[in-house]
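For the sequence shown, counting from 1, position 43 maps to 744 in our numbering; every step adds exactly one.
Backbone N, C-alpha and C fix where the C-beta goes; we use that ideal spot for every residue, glycine too.
Encoded as structure tokens, the structure appears first; notes follow it.
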Amino acid sequence: MFPIQNLKEIMNLYTEPLLRLAYYYVKDTQIAEDIVQEVFIKMYNSQTNYEERGELKAYLYKMTSNKSKDYLKSWSYRNVQLQNKILPSASKTEVDELVRKDEQTIIGEAILELPIKYREVLIYYYFNDMKISEIAGILSTAESTIKTRLVRGKGLLKNKLKDIEWEVLFNE
């Protein structure tokens, strides 16, 4: 059972990474926020059923992933035209920071164009610093499959980004 104070700490700690994860699935900021809100509501409502058998982080990521996949299967997703927006970032006045942010946006957009099975593995591995065994547990998939998807996803991403001149690399 989670006391209210503990739940606030959990929300403060995990809201941003869960938002990022949901966003990379659904490609819409508002829907990602709704999904994360549903995850925390479900967690609060089912706190008597939750058993501390594993890591809370994995539990929350799995719930967010499942809710995101449910949304992608839903009627509203299939019948509504989605707008591709990247999460807004804080603007900086330094030119190098602006260039870096622009290039991060390009990479983010390229990741969003990948098939979901490669996208989710890349997000877990690079953005959430998760190990292959953790990803395999969350996705209920064999570790060898995760490794294959990671290699293929990186290859697809490399092909999408090969013609881009990287300003940050020229300035270093």
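From the options, residue whose alpha carbon lies closest to that of residue i
i: LYS818; options: TYR726, THR806, ASN829 and ASN707; result: TYR726
i: MET764; options: ASP729, ARG721, GLU739 and THR730; result: GLU739
i: ASP830; options: SER747, LYS758, ASP735 and PHE741; result: LYS758
i: ASP735; options: GLU844, TYR772 and TYR827; result: TYR772
i: LYS861; options: ALA843, SER845, LEU815 and ILE847; result: LEU815
Distance CB(residue i)-CB(residue j) smaller than 7 Å
i: SER769; j: ALA723; result: yes
i: GLY854; j: VAL822; result: yes
i: LEU851; j: LYS728; result: no
Euclidean distance between Cα positions of residue i and residue j
i: LYS863; j: GLU835; result: 30 Å
i: SER766; j: ALA811; result: 20 Å
i: THR849; j: ILE833; result: 11 Å
i: TYR760; j: LEU840; result: 11 Å
i: ILE808; j: ILE732; result: 21 Å
i: LYS709; j: GLU717; result: 13 Å
i: GLN805; j: TYR715; result: 22 Å
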